[in-house]
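Following: one structure in structure tokens, then a few remarks.
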Amino acid sequence: RDALGAKAEAAPLAAGAAFIAAGGVAGAWLAGRLTDGGLKRRWNLGAAAALLCQPAAFWLLARTRSPWTSGLALALAAAALFSARGLLTGGAAAELGGRRGAGAVAGLVEAAHAFSGLAAGALLPPLLGRFGWGAWPLMLAPFSVAAAALALAARASMR
């Protein structure tokens, strides 16, 4: 049993991890294709679109009872996360950092991801204790919307 008393089953957890991994690989590949292809200097639009796909995946995950639909929702959420992360890290680093500062900008983007994970780790347990595990996907959706707004604002402030 976990900290909140839920019984963990090994097979569904392994299947969920496989869906997350597959979605993550697909999202990272998509980010590379978009950055090298049509988006070029509009990386923030692609990142915002990907981040706005996450609430839909979280909603689906919270509402479904099917393990396959849950897996697809996890894959969609992971694809959205990793494509947004790739677009933000690659696009922002190239455009904001240039040749000499790209590493520093990429490091700052990665640090922002680490801090968001830290915030989620600190904020979610009290909320899960109060509302239960069924609420966690919906609790993450506002963070995706806020990140999309920040991605759009970052690009707008550079004009």
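Residue numbers for the sequence shown follow this note's numbering, beginning at 6 and rising by one. All residues carry an ideal CB built from backbone N, CA and C; glycine is no exception. All of these numbers come straight from a predicted model, not from anything done at the bench.
Look at the alpha carbon of residue i and the alpha carbon of residue j, and state the distance between them as a whole number of angstroms.
i, j, result
"residue 30", "residue 87", "8 angstroms"
"residue 22", "residue 74", "14 angstroms"
"residue 7", "residue 138", "Note that residue 7 has pLDDT 49, beneath the 50 cutoff, so the model's placement of it is unreliable and the number below is only indicative. About 11 angstroms."
"residue 125", "residue 144", "9 angstroms"
"residue 69", "residue 103", "44 angstroms"
"residue 48", "residue 97", "7 angstroms"
"residue 148", "residue 122", "11 angstroms"
"residue 105", "residue 95", "14 angstroms"
"residue 67", "residue 77", "12 angstroms"
"residue 1", "residue 107", "One cannot answer for residue 1 here, as it falls past the ends of the chain, which runs 6 to 164."
"residue 115", "residue 109", "10 angstroms"
"residue 101", "residue 40", "15 angstroms"
Does the distance from the C-beta atom of residue i to that of residue j stay below 9 angstroms?
i, j, result
"residue 56", "residue 153", "yes"
"residue 59", "residue 151", "no"
"residue 113", "residue 36", "no"
"residue 62", "residue 85", "yes"
"residue 25", "residue 79", "yes"
"residue 51", "residue 89", "yes"
Using a threshold of 8 angstroms, is the CB atom of residue i nearer than that to any non-hydrogen atom of the ligand SAH?
i, result
"residue 125", "Ligands in the displayed structure: none, and consequently the ligand SAH is not present."
What residue range does the alpha helix (DSSP H) around residue i cover?
i, result
"residue 69", "No alpha helix (DSSP H) holds residue 69; DSSP gives it neither H nor E."
At 4 residues or longer, what runs of the alpha helix (DSSP H) sit wholly inside the region 90-156? Counting whole runs of 4 or more residues, the region 90-156 contains the alpha helix (DSSP H) stretches 103-136.
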